[in-house]
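K.L.:
Pasting a structure here, questions to come.
Okay, here's the thing in structure tokens:
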């Protein structure tokens, strides 16, 4: 659990897709939270994580098409 994000409708937990240690937090978001949406890959980053062992977590990370297929399989499992 890396933290939470509060929107106008709800509070969402941020769960890390990898194991490791948080080494930096983007505290500038306290004053400019809109950067998360406006500049997610530059100014809007949330945390920097030092990976414990990427080879353990690598299979959990997918590109968009692979993740979409994964979700379709999960929905099919639930849709009995």
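In the numbering used here, the protein residues as written are 546 to 625.
Cβ coordinates follow ideal geometry from the N, Cα and C atoms, glycine included.
(1) For residue 591, which of helix, strand or coil comes out of DSSP?
(2) Can you give the Cα-Cα distance for residue 622 and residue 615, rounded to whole angstroms?
(3) Does the Cβ-Cβ distance between residue 604 and residue 562 come in under 8 Å?
(4) Considering only DSSP beta bridges, list what residue 569 is partnered with.
(5) Which residue comes first and which comes last in the alpha helix (DSSP H) that contains residue 560?
P.N.:
According to the structure data:
(1) For the purposes of this step, residue 591 is identified with residue 46 of the chain shown, where counting begins at 1. In this structure, residue 591 counts as coil in the three-state DSSP scheme.
(2) Here residue 622 is taken as the residue at index 77 of the chain shown, counted from 1. Here residue 615 is taken as the residue at index 70 of the chain shown, counted from 1. Take the alpha-carbon of residue 622 and the one of residue 615: they are about 11 Å apart.
(3) Start at 1 with the first residue of the chain shown, and residue 604 comes out as number 59. Start at 1 with the first residue of the chain shown, and residue 562 comes out as number 17. No, they are not a contact pair.
(4) Numbered from 1 along the chain shown, position 24 holds the residue referred to as residue 569. For residue 569, the pairing in a beta bridge is given by DSSP as 593.
(5) As a working mapping, residue 560 is identified with position 15 in the chain shown. Segment: none, residue 560 is in no alpha helix (DSSP H) and carries neither H nor E.
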